[in-house]
Amino acid sequence: MISILRLVALALDQLEVAVCVFDANDRTQLWNDTFLQFFPEHAGHVYAGEAYSENLRRFYLQRLSAQELPCMERYIEEGIQRHHNQQRAFEFDHYDYRVRAASLPLGPLGRIRLWRKTAPLLTGMQDRINPKQVRRPRQISQDTALALESLADGILMVDEQDRAVWANHSFLVLYGLTDIECLGARMFEDIYAQTWAHEQPTTDYAIGLSVLTERQRFSGAPYVLALPQDRWVRVVELRGTQANGCSFFSHVDITASRRQQEELRQLTLHLESLAVKDALTGLVNRRRFDEALESEWRRAHRSETALSLLLLDVDHFKQLNDSFGHPFGDEVLKCFAGLLAHCVQRAGSLVSRYGGEEFAILLPGTGLSGAARLAEFIRQQVEALSLGNQQTGLVQITVSVGVACASGPALDSSCSSLIDMADRALYEAKRKGRNSVCLAGV
């Protein structure tokens, strides 16, 4: 297959089409002479097996100003993403020509990129369009204007130098322009900046300016811009569509869809939260605890640090339920969970409802003595707590705690060993009469 691609590349030399083929890992496979003519910075440097990122780095070093160089790595990353996802051709200014670029998948072989010149760039033209001519531009017929005026999407027409020539009513509304003469033969970047002139600049606005600067190089690829009042537009550039050299930009209001996407994202986060949280207490559930334990166990093994675990059980909880009813039992568990969350606020620690009236506290980077002090503090706080209502009167609750710690060679075994140690310590605390703390191995 590679030999066939080489023949294709040679044939495209005759049509002045530049070709470069990359494998599935974005490594350069082959290129033709026209490729080196289009991009002379690669001559003598590109080689079979070279990463596409290095190809892009040479490309940008020739094009970026000193002010833009700090953004080069981001440009490279986005260029690779375009390479992977490109489905339609786009155009960009390259030296003295406008160049059209395409990228086609080759299945397991990777992708082929092609470039061809479309037209020489018009430089040195200093003439300005009189703003009064914008209302009735000669570049657009009356029928075309009426058809575009009926569209719900904003349409902006620009000349060969990207100056605004005409826009429909939807575009004027999107950008807060009262009259078509407000276009003023300006660049779209100026119109966009004016839209934000009386608003508090936001991060989204700054990103929009950056996007506009970059998209000047890669027209044809759609992009999204933020507008004031939390509005959003998707811009699609359709260059070279008119014989007179003018181009249309479609500006689609995607505010509703963006809000729906954000609502869906928030809903997804909420559902994900529900999947790992206990509905009654709001603490993470056993599933999330098991995942965290495995992760922290591996981390402790790598970093050679201690990992401690507290298993806590509300004493005589079944009797509370039998005596005062399940609603009161639920209130006890919620109150107990809140107390644990208040007592355990160290970053990285995890408080979980382990099951029923049993709770677990995971303490990364904490040794046995530190875990024991926390366990005793919690025991005292619970002992001082009185709950109840008019039906139950004051009810005192207590807790039994089993404490275990793994460090050093103990981390070579399974994380389940930590649970076993804490569980045995908890059993011992109950055996001693409850309302106590017992340390594993002590």
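First residue of the sequence shown? That's 1 in UniProt numbering, and the numbers climb one at a time after it. Where a beta carbon is used, it is the ideal one built from N, C-alpha and C, also for glycine.
| query | Which residue spans inside the segment 193-269 form an unbroken beta strand (DSSP E) run of at least 3? | reply | Taking 3 residues as the minimum length, the beta strand (DSSP E) runs contained wholly in the segment 193-269 are 223-227, 231-238 and 247-253, in order along the chain.
| request: Just tell me which of VAL252, TRP297 and LEU174 has its CA closest to the CA of LEU362. | output: Start at 1 with the first residue of the sequence shown, and residue 362 comes out as number 362. Per the Cα distances, TRP297.
| request: Since I believe VAL233 is in contact with LEU174 (beta carbons under 8 Å), could you give me their beta-carbon distance rounded to a whole number of angstroms? | output: In the sequence shown, counting from the first residue as 1, residue 174 sits at position 174. In the sequence shown, counting from the first residue as 1, residue 233 sits at position 233. So it is a contact: roughly 6 Å between Cβ atoms.
| task | Quick one: grab the DSSP three-state call for GLY370. | result | Counted from its first residue, the sequence shown places residue 370 at position 370. Helix.
| Run of the alpha helix (DSSP H) containing ARG6, from where it starts to where it stops | Looking up residue 6 in the sequence shown gives position 6. Looking at the DSSP string, the run of the alpha helix (DSSP H) that includes ARG6 is 2-13.
| task | Note down, in chain order, each residue of its chain lying with its Cβ closer than 8 Å to the Cβ of ILE80, except the 5 sequence neighbours on either side. | result | The residue labelled residue 80 in the question sits at position 80 within the sequence shown. The answer, listed in chain order, is ASP26, TYR52, SER53 and LEU56.
| field | Three-state class that DSSP yields for ASN321 in the structure shown | value | Taking the sequence shown and counting its residues from 1, one reaches residue 321 at position 321. Correct three-state label for ASN321: helix.
| Who are the Cβ neighbours of ASP23 in its own chain at under 6 Å, not counting the five residues just before and after it? | Counting from 1 along the sequence shown, the entry for residue 23 is found at position 23. The residues are GLN29 and GLY110.
| task | Leaving out five residues on either side along the sequence, give the residues of the same chain with a beta carbon under 6 Å from the beta carbon of TRP31. | result | Counting from one through the sequence shown, the residue named residue 31 turns up at place 31. Counting only residues of its own chain and dropping the five nearest sequence neighbours on each side, TRP31 has a CB closer than 6 Å to the CB of CYS20.
| On the three-state DSSP scale, how would you describe THR281? | Counting from one through the sequence shown, the residue named residue 281 turns up at place 281. Of the three classes helix, strand and coil, the one that applies to THR281 here is coil, per DSSP.
| query | Between which two residues does the beta strand (DSSP E) containing residue 477 stretch? | reply | This structure cannot speak to residue 477, because the chain is shown only from 1 to 442.
| alpha helix (DSSP H) segment containing residue 453, residue limits | Given a span of 1 to 442 for the chain in the structure shown, any question on residue 453 remains unanswerable.
| said: Quick check on this structure: which residue in LEU387, ILE180, LEU311 and GLY356 has the alpha carbon closest to the alpha carbon of ASP278? | reply: Here residue 278 refers to the residue found at position 278 when the sequence shown is read from its first residue. It is GLY356.
| query | Taking Cβ to Cβ, would you say VAL399 is nearer than 8 Å to ARG379? | reply | Taking the first residue of the sequence shown as position 1, residue 399 is located at position 399. Taking the first residue of the sequence shown as position 1, residue 379 is located at position 379. Closer than 8 Å, so yes.
| From GLY44, THR392 and ASP290, pick the residue whose C-alpha is nearest to that of ASP322; which is it? | Position 322 of the sequence shown, counting from 1, holds the residue named residue 322. For ASP322, the nearest C-alpha among the options comes from THR392.
| field | Nearest-angstrom Cβ-Cβ length linking GLU418 and HIS301, presumed shorter than 8 Å | value | Position 418 of the sequence shown, counted from the first residue, corresponds to residue 418. Position 301 of the sequence shown, counted from the first residue, corresponds to residue 301. The question names Glu, but residue 418 is Leu in the sequence shown. Cβ atoms of LEU418 and HIS301 stay farther apart than 8 Å, at about 12 Å.
| task | Sort GLU78, TYR95, ALA101 and HIS94 by Cα distance to ARG88 and report the nearest one. | result | For the purposes of this step, residue 88 is taken as the residue at position 88 of the sequence shown. Comparing Cα-Cα distances from ARG88 to each of GLU78, TYR95, ALA101 and HIS94, the minimum goes to ALA101.
| When the Cα of VAL382 is compared with those of VAL332, LEU225 and SER257, which residue comes out closest? | Within the sequence shown, residue 382 is the residue found at index 382, counting from 1. Closest in alpha carbon position to VAL382, among VAL332, LEU225 and SER257, is VAL332.
| Roughly how far, in whole angstroms, is the beta-carbon of VAL165 from the beta-carbon of CYS246, given that I think they are within contact range, below 8 Å? | For this step, residue 165 is matched to residue 165 along the sequence shown. For this step, residue 246 is matched to residue 246 along the sequence shown. Rounded, the Cβ-Cβ distance is 6 Å, consistent with contact.
| In this structure, does DSSP put HIS326 in helix, strand or coil? | Numbered from 1 along the sequence shown, position 326 holds the residue referred to as residue 326. In this structure, HIS326 counts as helix in the three-state DSSP scheme.
| field | Between the CA atoms of TYR97 and ASP13 - distance to the nearest angstrom | value | Here residue 13 refers to the residue found at position 13 when the sequence shown is read from its first residue. Here residue 97 refers to the residue found at position 97 when the sequence shown is read from its first residue. Cα to Cα, the separation comes out at about 18 Å.
| task | Would you tell me roughly how many angstroms separate the C-alpha atoms of LEU177 and PRO105, rounded to the nearest one? | result | Here residue 177 refers to the residue found at position 177 of the sequence shown. Here residue 105 refers to the residue found at position 105 of the sequence shown. Computed Cα separation, rounded: 43 Å.
| query | In chain order, which beta strand (DSSP E) runs of at least 3 residues are fully inside the UniProt domain "GGDEF" (305-442)? | reply | Runs of the beta strand (DSSP E) inside the UniProt domain "GGDEF" (305-442): 307-314, 350-355, 358-364, 386-389, 393-396, 399-406 and 437-439.
| Distance between PHE38 and ARG186 (C-alpha atoms, nearest Å) | Counting from 1 along the sequence shown, the entry for residue 186 is found at position 186. Counting from 1 along the sequence shown, the entry for residue 38 is found at position 38. The C-alpha of ARG186 lies about 31 Å from the C-alpha of PHE38.
| Buried versus exposed call for SER414 [16 or more other C-beta atoms within 10 Å across all chains shown] | For the purposes of this step, residue 414 is taken as the residue at position 414 of the sequence shown. It counts as exposed.
| Taking C-alpha atoms, which residue in SER369, ARG299, GLN260 and ALA275 lies nearest to ARG288? | For the purposes of this step, residue 288 is identified with residue 288 of the sequence shown, where counting begins at 1. Of the candidates SER369, ARG299, GLN260 and ALA275, the one whose C-alpha sits nearest the C-alpha of ARG288 is ALA275.
| request: Let me know if PHE377 comes out buried or exposed under the rule of 16 or more other beta-carbons within 10 Å of its beta-carbon. | output: Mapped onto the sequence shown, residue 377 falls at position 377. Around the beta-carbon of PHE377, fewer than 16 other beta-carbon atoms lie within 10 Å, marking it exposed.
| task | Could you check if LEU264 is buried or exposed, using at least 16 other CB atoms within 10 Å of its CB as the buried criterion? | result | On the sequence shown, position 264 is the one that residue 264 refers to. Counting Cβ neighbours within 10 Å, LEU264 comes out exposed, since fewer than 16 surround it.
| query | Around the C-beta of GLN345, are 16 or more other C-beta atoms found within 10 angstroms, so that it is buried, or is it exposed? | reply | Here residue 345 is taken as the residue at index 345 of the sequence shown, counted from 1. Label assigned to GLN345: exposed.
| query | Just how far apart, CA to CA, sit LEU307 and THR203? | reply | Residue mapping note: residue 307 aligns to position 307 of the sequence shown, counting from 1. Residue mapping note: residue 203 aligns to position 203 of the sequence shown, counting from 1. Straight-line measurement puts the Cα of THR203 at about 41 Å from the Cα of LEU307.
| Among LEU340, ALA440 and GLU181, which residue has its Cα nearest to the Cα of GLY282? | In the sequence shown, residue 282 corresponds to position 282, counting from 1. Out of LEU340, ALA440 and GLU181, the CA that lies nearest to the CA of GLY282 is found in LEU340.
| query | Quick one: Cα of ASN130 to Cα of ALA66, how far? | reply | Translated into positions along the sequence shown, residue 130 becomes position 130. Translated into positions along the sequence shown, residue 66 becomes position 66. At ASN130 the pLDDT is 37, less than 50, meaning the model places this residue with poor confidence; the figure from the coordinates comes in the next sentence. Inter-residue distance for ASN130 and ALA66 is about 35 Å (C-alpha atoms, whole angstroms).
| query | So the beta strand (DSSP E) ALA102 belongs to, where does it begin and stop? | reply | Indexing the sequence shown from 1 puts residue 102 at position 102. Here the beta strand (DSSP E) through ALA102 covers 97-105.
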